[in-house]
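Notes to accompany the following structure.
Protein chains: 2
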Amino acid sequence: MSDTIPPTRERIIAAAGKLFHSEGIRAVSVDAVAEKAGVTKRTLYYHFRSKDDLIAAYLEARDQPNLALFQRWFAETDGDAAAKVEGIFRNLARSASHPKWKGCGFLRTSVELINLPGHPAILAGRAHKKRIEDWLCSIFEEEGAVKEPRQLARQVILLLDGAFAVVLLHRDPSYMEAAGDAAARLIRTSLPKRDAPDVGRACTALDP
Amino acid sequence: MSDTIPPTRERIIAAAGKLFHSEGIRAVSVDAVAEKAGVTKRTLYYHFRSKDDLIAAYLEARDQPNLALFQRWFAETDGDAAAKVEGIFRNLARSASHPKWKGCGFLRTSVELINLPGHPAILAGRAHKKRIEDWLCSIFEEEGAVKEPRQLARQVILLLDGAFAVVLLHRDPSYMEAAGDAAARLIRTSLPKRDAPDVGRACTALDP
DNA sequence: TTGTGTATATTCACTGGTCGGTATACATCA
DNA sequence: TGATGTATACCGACCAGTGAATATACACAA
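Just so you know, the sequences run in chain order A and E. For what it's worth, the working numbering labels the leading residue of the first sequence as 1, then goes sequentially. For what it's worth, the working numbering labels the leading residue of the second sequence as 1001, then goes sequentially.
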């Protein structure tokens, strides 16, 4: 078909993305995805070997855009690394305040498929989270003064995923801000003891 | 039946608990629960109106014991509040290192049922998490010197639930330790700026 | 240009199986 | 006798995946 408008495979992935993300994996039938994509189920099974394949494709399609969004939010925020990371959380809080917000698809899919250890969707989730962690780690390394960049990146990830879970459970975006505040404090107190662990920005560029 | 050995209802809840927790809600059929409990499905439906009721009963049965376990771990650890909270995470890391460990049932159930907003299981999950948060908050309030006890309790909860999610995804308990370290640092830096935000324990009892 | 072959893409109708829940009858005991 | 509990067998809905046939597009030869 026309390559510019709706290549069938992409339309199916898009439909799967909307449905899987908003209702969950097991709650959405293959028939529902096919109907949403305007395609017969048999056509869907022409493009994907199984529902599991479709799930994996859905997550793989979200990996890069998700990371890029984080990087954009980071770049758009002024201040030191702590403030920039906090900016990510503030943007997430804004997203999470929409009633249709459904948290992190990678996390939720992994939870739904937890009894299938080697499932490609779980591998995709792991890879995605690692990619974000590595990106944060590289930022803290460039920062230079940070004592344990890897540990710090992990702790920010813990706050991030914790916020996804808690905000989804309580439907209260203020937890996202609390997570951002915690992340910023952890980053600032990870800098050499120079500055007091207070509001004022810590050193922005100070190589060892 | 005999009240001391296996009251049917409790046996069903116990069976549901094992299955739901280890495989997930949607992955476990009512028939499977009935069989595990050594009871016919009709008997199960005599004691519970629906599968949803059973799910709620499963979570309600876990609320108090879970909190009690946290409180025991907290009490058993020596040191200041930061060290005691870190002790909880260390104990959780030990639990999480067992290959059969499956994270937090409240969180996972809430994720599985996310498209049923008012579901009793979600309410149970919310209540449980709030209860832990309130308990932490009361500890920080008793500590006296903590600046914003509620905010701090929320941040510890964020790290806790983040650790549940991330450890489950990566199957790497060291994230649990990283979360404990972050929690301890947040608690110590929440005390009035007296001490440097460093390794040495901050003041243990110092009323305002 | 027309005819033929082939790979891609799509459809309709169907299967085998599972699941939540129920109808009905039977058992036990106060 | 009536309340409580158990057993067997079943229903209707749904669901992942399939078989067989068909449509489209493009290659290349006559």
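Built from N, CA and C at the ideal position, the CB exists for glycine as well. What you are looking at is a predicted structure, and each value in this text was computed from that prediction instead of being measured.
Closer than 8 Å at the beta carbon, the chain A residues around residue i
| i | result |
| --- | --- |
| Gly-1118/E | The premise fails here: Gly-1118/E is roughly 12 Å from chain A at the closest Cβ pair, so nothing lies under 8 Å. |
| Lys-1129/E | Val-166, Leu-169, His-170 |
| Leu-1107/E | Val-111, Ala-165, Leu-169 |
Within 8 Å, strictly: CB atoms of residue i and residue j
| i | j | result |
| --- | --- | --- |
| His-1128/E | Phe-1106/E | yes |
| Ala-145/A | Leu-191/A | yes |
| Val-1261/E | Arg-126/A | Past the boundaries of the shown model lies residue 1261/E; chain E is included only from 1001 to 1208, so the question cannot be answered. |
| Arg-62/A | Ala-37/A | no |
| Pro-1120/E | Ala-1056/E | yes |
| Leu-67/A | Ile-114/A | no |
| Val-1039/E | Thr-1008/E | yes |
| Lys-18/A | Val-30/A | no |
| Ala-182/A | Leu-159/A | yes |
| Glu-1177/E | Ala-1093/E | yes |
| Trp-1073/E | Gly-1087/E | yes |
| Pro-1173/E | Ala-1096/E | yes |
| Ala-16/A | Tyr-58/A | yes |
| Ala-1179/E | Phe-1089/E | yes |
| Thr-189/A | Thr-1189/E | yes |
| Gly-954/E | Gly-162/A | Residue 954/E lies beyond the stretch modelled for chain E, which goes from 1001 to 1208, so this question has no answer here. |
| Tyr-175/A | Arg-1154/E | yes |
Chain E contact for residue i (CB, 8 Å cutoff)
| i | result |
| --- | --- |
| Gly-125/A | yes |
| Lys-100/A | no |
| Gln-64/A | no |
| Gly-38/A | no |
| Gln-155/A | yes |
| Leu-136/A | no |
| Gln-71/A | no |
| Ala-27/A | yes |
| Leu-206/A | Caution applies to Leu-206/A, whose pLDDT of 38 falls short of 50 and renders its modelled position unreliable; the model cannot decide the point. |
| Phe-20/A | no |
Cutoff 8 Å: residue i Cβ touching any chain A Cβ
| i | result |
| --- | --- |
| Ala-1034/E | no |
| Leu-1191/E | no |
| His-1170/E | yes |
| Asn-1091/E | no |
| Lys-1147/E | no |
| Leu-1186/E | yes |
| Ile-1114/E | yes |
| Gly-1024/E | yes |
| Val-1199/E | Residue placement at Val-1199/E is poorly supported in this model, since its pLDDT is 41, which falls under 50; the coordinates still yield a value, given next. Answer no: the Cβ-Cβ gap between Val-1199/E and chain A never drops below 8 Å. |
Chain-ordered chain E contacts of residue i [CB-CB under 9 Å]
| i | result |
| --- | --- |
| Ala-56/A | Chain E residues near Ala-56/A: none, gap ~15 Å exceeds 9 Å. |
Under 9 Å from the C-beta of residue i: neighbouring residues of chain A
| i | result |
| --- | --- |
| Ser-1110/E | Ala-165, Leu-168, Leu-169 |
| Leu-1094/E | For the record, residue 1094/E in the displayed sequence is Arg; it is not Leu. Within 9 Å Cβ-Cβ: nothing; Arg-1094/E doesn't reach chain A, min ~18 Å. |
Contacts of residue i in chain A (Cβ-Cβ under 7 Å)
| i | result |
| --- | --- |
| Leu-1158/E | Leu-159, Gly-162, Ala-163, Val-166, Tyr-175, Ala-178, Ala-179, Ala-182 |
Near the ligand ZN: residue i beta-carbon under 7 Å from a heavy atom
| i | result |
| --- | --- |
| Ala-56/A | The ligand ZN is not among the ligands present in this structure, which contains no ligands whatsoever. |
Subject >> Length-filtered (3 minimum) beta strand (DSSP E) runs lying within the stretch 140-171 of chain A >> reply: none
**OP:** Counting only runs of 4+ residues fully inside the stretch 1024-1084 of chain E, write out the alpha helix (DSSP H) ranges in chain order.
**Re:** 1030-1037, 1041-1047, 1051-1076
**OP:** Check whether the stretch 1150-1164 of chain E touches the stretch 1071-1084 of chain E, counting contact only when three or more Cβ pairs, one atom from each stretch, lie closer than 8 Å.
**Re:** no
Original post:
Touching or not, the stretch 1162-1181 of chain E and the stretch 167-177 of chain A, by the rule of three or more beta carbon pairs under 8 Å?
Top reply: no
**OP:** Could you pull out every unbroken alpha helix (DSSP H) segment of at least 4 residues lying fully inside the stretch 84-130 of chain A, listed in chain order?
**Re:** 105-112
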